[in-house]
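Trainee:
Protein chains: 2
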Amino acid sequence: MPTTEPAPRIAVIGGGQLARMMAQPAVALGVPLRLLAEAEGVSAAQVIPDQLVGDYHDLATLRTVTDGCSVVTFDHEHVPTEHLRALAADGVTAHPGPEALVHAQDKVVMREAMSRLGAPQPRWAVVETAADVEAFGLPCVLKVSRGGYDGKGVWVVRTPDDATEPLAAAAAARDRGVRLLAEELVDFRRELSALVARAPSGQAAAYPVVATLQVDGVCREVIAPAPDLDPGVATGAQELALRIAGELGVTGILAVELFEEVAADGTSRVLVNELAMRPHNTGHWTQDGAVTSQFENHLRAALDLPLGSPEPRARWTVMVNILGGDDPEVGRLYDGYPHALARDPRLRVHLYGKDLRPGRKVGHVNVYGDDLDDCLERARHAAAWFRGDLGDESE
Amino acid sequence: MPTTEPAPRIAVIGGGQLARMMAQPAVALGVPLRLLAEAEGVSAAQVIPDQLVGDYHDLATLRTVTDGCSVVTFDHEHVPTEHLRALAADGVTAHPGPEALVHAQDKVVMREAMSRLGAPQPRWAVVETAADVEAFGLPCVLKVSRGGYDGKGVWVVRTPDDATEPLAAAAAARDRGVRLLAEELVDFRRELSALVARAPSGQAAAYPVVATLQVDGVCREVIAPAPDLDPGVATGAQELALRIAGELGVTGILAVELFEEVAADGTSRVLVNELAMRPHNTGHWTQDGAVTSQFENHLRAALDLPLGSPEPRARWTVMVNILGGDDPEVGRLYDGYPHALARDPRLRVHLYGKDLRPGRKVGHVNVYGDDLDDCLERARHAAAWFRGDLGDESE
Chain A
1 MPTTEPAPRI AVIGGGQLAR MMAQPAVALG VPLRLLAEAE GVSAAQVIPD QLVGDYHDLA
61 TLRTVTDGCS VVTFDHEHVP TEHLRALAAD GVTAHPGPEA LVHAQDKVVM REAMSRLGAP
121 QPRWAVVETA ADVEAFGLPC VLKVSRGGYD GKGVWVVRTP DDATEPLAAA AAARDRGVRL
181 LAEELVDFRR ELSALVARAP SGQAAAYPVV ATLQVDGVCR EVIAPAPDLD PGVATGAQEL
241 ALRIAGELGV TGILAVELFE EVAADGTSRV LVNELAMRPH NTGHWTQDGA VTSQFENHLR
301 AALDLPLGSP EPRARWTVMV NILGGDDPEV GRLYDGYPHA LARDPRLRVH LYGKDLRPGR
361 KVGHVNVYGD DLDDCLERAR HAAAWFRGDL GDESE
Chain B
1 MPTTEPAPRI AVIGGGQLAR MMAQPAVALG VPLRLLAEAE GVSAAQVIPD QLVGDYHDLA
61 TLRTVTDGCS VVTFDHEHVP TEHLRALAAD GVTAHPGPEA LVHAQDKVVM REAMSRLGAP
121 QPRWAVVETA ADVEAFGLPC VLKVSRGGYD GKGVWVVRTP DDATEPLAAA AAARDRGVRL
181 LAEELVDFRR ELSALVARAP SGQAAAYPVV ATLQVDGVCR EVIAPAPDLD PGVATGAQEL
241 ALRIAGELGV TGILAVELFE EVAADGTSRV LVNELAMRPH NTGHWTQDGA VTSQFENHLR
301 AALDLPLGSP EPRARWTVMV NILGGDDPEV GRLYDGYPHA LARDPRLRVH LYGKDLRPGR
361 KVGHVNVYGD DLDDCLERAR HAAAWFRGDL GDESE
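Protein sequence lines, in the order shown, are assigned to chains A and B.
Sequential numbering of the first sequence, starting at 1, is according to the UniProt record's numbering.
Sequential numbering of the second sequence, starting at 1, is according to the UniProt record's numbering.
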């Protein structure tokens, strides 16, 4: 029989809420984390004792934080892939690895890969000039290939004038390897997300496909599973996400953000919008709504352990983000608890240890149950209450 | 509308697995913990960044760790009540407070209170001499009033000779306020546990009554809810636990350990065995089996926030402890994962970051589902596998 081996230490790069929420299953699994945080006291640094403050662009810093760790994973997708190759040469394996991660870092590389795989996606092209944009056709969406997030670096272009700012932004960043991507403006019914976990062994687990509501490029609500989704389309989306994870060699969580497009005959299909290779906002519902959360399966995958079941635990689970409201002076985080918890003893709250600022994600709530309308009402009410903005819902 | 207030900091005294498991809901609630650990690197010290190593018997140390905290709570029940009164004078409230806590520290004080409340309990007396023990009647159970745990400080006495050791042990500790308690040896059907959370507001929540299997005074298994328990007895046990919590002014989690005694006519009743005032081994199933875990409700109670629902999320939840086996050289903690997780994708594992030693609690597993036999088989198999001791269950 084997003797006890100490659990391997996992380095986590980036101190945001995704790293913070990895800490909870790490406690249960008995797996120590070592954090590289951007600054003292950031979200994950509040809850992971073994930490270093430093810059993830610096290879020496990455070597220091991963010393004694067998694997490294991420709160975000921005670590330079050449540094991950250097760490691999040192014997520290990144999950996801650099060959996979580049598809989450560079949207043009991602589009090229989707074309190669024959994955359904919007028509796209790399553009450099106003003439290129006109030739592509308006309206369209322009995106910088690297560095955009939460709606930043994305422009909807309806007139030639609308293209001036993105063309200039991309030109100014060209020497940093940034290209400008034009995409067909899809007239979608809604956005969906297909989340999978994949281990280095090749084992993979697909969560139910969810519907997501994005406002100004920021995720606001998730409904799991997506209501009224054709079962064939749902299965197809899971298969697509599993195939992308396998073909790109993703390890850890992969979120495939999708557009659901409905044809004139009523049939619907999905188109790949974005890829994310880390626990994802559209998977936060799994903390309370699935047998195994995306955060636990991300850690299990990083350690090449068997994955946990992605099955839902309730008929419906709704996640609503808590964002800072428009008035920076007003907020209800901790002081929102007495009402929110008394009104709904089944409410699940997840705060990130961040100050409220307008538009900033500072937490989310999960509500599960048999009645979707009831779940939506409860989750929306609580999130609005925490941000101090009940709008017309006052009671 | 109120402006944002920072979340109050909670001091936690004691660095064992109970404090460790408070860290998970503290992350979700956005509530910072400050830990007083017995030594560097103990179970909770691995997962709570804000920590101090020191001796909880020392008031100055307690003052240092609670400085800037509004409340203090506990991993164990051993902090001297006079220190808690001193902290209260400083403005730091203990949950539970000293007036309640003494009932979990001193079994004679507890028995006196149960008599006062008219709570059903075994016949008992304080004894000092062999003659007292004979007068009480044999067989009986002798217990030191203070400092026993997990079966230590408890003796089953069947002959006058059996009383020699406990009488000597109590006499030696008399100057530390230790008395010797004699209790009727109850011929019980099984042990039950009624767990409640109670907030300073007076709000309380009762978890389903569970059946517990104790071996040599150590909790081995819990089944939630207790199978085949008369509904009237179950409700009565919950009401009893709520009444004890209210009458003693408990804040936080109270576990009332009970004997179920069956009369000749088949009717059963419960007798109070022990009280614990902290998250309790018989409540670990709530982490995966209830809407709100005992650890989260303990923190909510300490902050006087509304309590979360104690409802079960599954028909059955089984908890089995992982204990070190007899051979100190053999163990399967981290290296037990590949088999245990692959065999059961729904298994929930909680390890405490402790080395395996014979008889030591190093973790537990939770399994939930509709079929109790299936849950028991899965949980027992996994716990045996982790301790490297499948016995006759090999497959």
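Every residue, glycine too, gets a C-beta built ideally from N, C-alpha and C.
Quick check: the region 348-363 of chain B against the region 14-24 of chain B, are there 3 or more CB pairs under 8 Å?
Mentor: Enough Cβ pairs lie closer than 8 Å, so yes.
Trainee: So, is the C-beta of ARG346 (chain B) closer than 8 Å to a C-beta in chain A?
Mentor: True, the Cβ-Cβ gap to chain A drops below 8 Å.
Trainee: Tell me whether the beta-carbon of VAL108 (chain A) lies closer than 8 Å to the beta-carbon of SER145 (chain A).
Mentor: Yes. Within cutoff.
Trainee: On the premise that VAL157 (chain A) lies in contact with ALA170 (chain A), defined as a C-beta separation below 8 Å, what is that separation, rounded to the nearest angstrom?
Mentor: Rounded, the Cβ-Cβ distance is 12 Å, inconsistent with contact.
Trainee: Would you identify the three-state DSSP class for THR282 (chain B), choosing helix, strand or coil?
Mentor: Here THR282 (chain B) sits in helix by DSSP.
Trainee: Looking at the structure shown, is GLU128 (chain A) part of a helix, part of a strand, or coil, going by DSSP?
Mentor: It is coil, neither helix nor strand.
Trainee: What separation, rounded to the nearest whole angstrom, lies between the Cα atoms of PRO2 (chain A) and ALA88 (chain A)?
Mentor: Because the pLDDT at PRO2 (chain A) is just 40, under 50, the model does not fix this residue reliably, and the point stays unresolved.
Trainee: Of the choices B:ALA384, B:THR317, B:ASP370, B:LEU305, whose alpha-carbon is the least far from that of PRO8 (chain B)?
Mentor: Out of B:ALA384, B:THR317, B:ASP370, B:LEU305, B:LEU305 has the C-alpha closest to the C-alpha of PRO8 (chain B).
Trainee: Would you list the residues sitting across from MET319 (chain B) in a DSSP beta bridge?
Mentor: DSSP lists B:VAL222, B:ASN366 as partners of MET319 (chain B).
Trainee: Are THR251 (chain A) and HIS95 (chain A) closer than 8 Å when you measure CB to CB?
Mentor: Cβ distance < 8 Å, so THR251 (chain A) and HIS95 (chain A) count as in contact.
Trainee: Residues bridged to GLU191 (chain B) by DSSP?
Mentor: For GLU191 (chain B), which the question treats as bridged, DSSP gives the partners B:THR212, B:PHE259.
Trainee: Taking the Cβ atom as the reference point for each residue, do LEU180 (chain A) and PRO166 (chain A) lie within a distance shorter than 8 Å?
Mentor: Cβ distance < 8 Å, so LEU180 (chain A) and PRO166 (chain A) count as in contact.
Trainee: Report yes or no: do three or more beta-carbon pairs, one from the region 309-319 of chain A and one from the region 246-260 of chain A, lie closer than 8 Å?
Mentor: Output reads no: the region 246-260 of chain A does not touch the region 309-319 of chain A.
Trainee: In this structure, what does DSSP give as the bridge partners for PHE74 (chain B)?
Mentor: Beta-bridge pairing links PHE74 (chain B) to B:ILE13.
Trainee: Go through its chain and collect everything with a Cβ distance to LEU195 (chain A)'s Cβ below 6 Å, but skip five positions before and after it.
Mentor: The answer, listed in chain order, is TYR207, ALA255, GLY283.
Trainee: Roughly how many angstroms lie between the CA atoms of ILE48 (chain B) and VAL12 (chain B), to the nearest whole one?
Mentor: Distance between the alpha carbons of ILE48 (chain B) and VAL12 (chain B) is about 10 Å.
Trainee: So who's on the other strand from GLN238 (chain A), going by DSSP bridges?
Mentor: Paired residue(s): none; GLN238 (chain A) is not in a bridge.
Trainee: Just the chain A side, please: which residues come within less than 8 Å of VAL262 (chain B) by C-beta, in chain order?
Mentor: Going along chain A, no residue has its Cβ under 8 Å from VAL262 (chain B), so there is no contact; the nearest lies around 35 Å.
Trainee: Would you decide whether GLY336 (chain A) is buried or exposed? Buried here means 16 or more other CB atoms lie within 10 Å of its CB.
Mentor: Counting Cβ neighbours within 10 Å, GLY336 (chain A) comes out buried, since at least 16 surround it.
Trainee: Per DSSP, TRP155 (chain A) forms a beta bridge with which residues?
Mentor: In DSSP, TRP155 (chain A) forms a bridge with A:LEU142.
Trainee: Under DSSP, the beta strand (DSSP E) around ARG350 (chain B) begins and ends at which residues?
Mentor: A quick correction: the sequence has His, not Arg, at residue 350 (chain B). Element bounds for HIS350 (chain B): 348-351.
Trainee: Does the separation of the CB atoms of VAL92 (chain A) and ALA23 (chain B) fall below 8 Å?
Mentor: Not closer than 8 Å, so no.
Trainee: Among the candidates A:VAL72, A:THR317, A:VAL362, whose CA atom is the shortest distance from the CA of ALA211 (chain A)?
Mentor: If we check each option's Cα against that of ALA211 (chain A), A:THR317 comes out closest.
Trainee: Quick one: using the 10 Å Cβ neighbour count with 16 as the cut-off for buried, is ALA241 (chain A) buried or exposed?
Mentor: Its Cβ being crowded by 16 or more others within 10 Å, ALA241 (chain A) is buried.
Trainee: Express the C-alpha separation of ASP228 (chain B) and ALA182 (chain B) in angstroms, rounding to a whole number.
Mentor: ALA182 (chain B) and ASP228 (chain B): Cα-Cα distance of roughly 31 Å.
Trainee: From GLY54 (chain A) to ALA45 (chain A), what distance separates their C-alpha atoms?
Mentor: In a straight line, the C-alpha of GLY54 (chain A) is about 12 Å away from that of ALA45 (chain A).
Trainee: Against chain B, does PRO49 (chain A) count as a neighbour if the rule is that its beta carbon must be under 8 Å from one of theirs?
Mentor: Judged by the 8 Å Cβ criterion, PRO49 (chain A) is in contact with chain B.
Trainee: Report back the beta-carbon spacing between ALA340 (chain B) and LEU248 (chain B) to the nearest angstrom; my notes put them in contact at under 8 Å.
Mentor: 40 Å between Cβ atoms; not a contact.
Trainee: Please report the straight-line C-alpha distance between VAL218 (chain B) and LEU356 (chain B), rounded to a whole angstrom.
Mentor: Straight-line Cα distance between these residues: approximately 16 Å.
Trainee: Mind listing the chain A neighbours of ARG313 (chain B)? Cutoff is C-beta to C-beta under 7 Å, in chain order.
Mentor: Those within 7 Å of ARG313 (chain B) in chain A are ARG313.
Trainee: So LEU372 (chain A) is in the alpha helix (DSSP H); what residue range does that whole segment cover?
Mentor: It spans 372-386 - the alpha helix (DSSP H) in which LEU372 (chain A) sits, taken as one unbroken run.
Trainee: Would you list the one or two residues that DSSP bridges to GLN203 (chain B)?
Mentor: Answer is none; GLN203 (chain B) lacks a bridge partner.
Trainee: May I ask which residues mark the beginning and end of the alpha helix (DSSP H) holding ALA37 (chain A)?
Mentor: No alpha helix (DSSP H) holds ALA37 (chain A); the beta strand (DSSP E) holding it covers 33-37.
Trainee: Please list, in chain order, all residues of the same chain as GLU377 (chain A) whose beta carbon is under 7 Å from its beta carbon, the five residues on each side excluded.
Mentor: Result list for GLU377 (chain A): empty, nothing under 7 Å.
Trainee: Check whether chain A comes within 8 Å of LEU305 (chain B), counting only Cβ atoms and requiring the distance to be less than that.
Mentor: Yes, because at least one Cβ of chain A sits closer than 8 Å to the Cβ of LEU305 (chain B).
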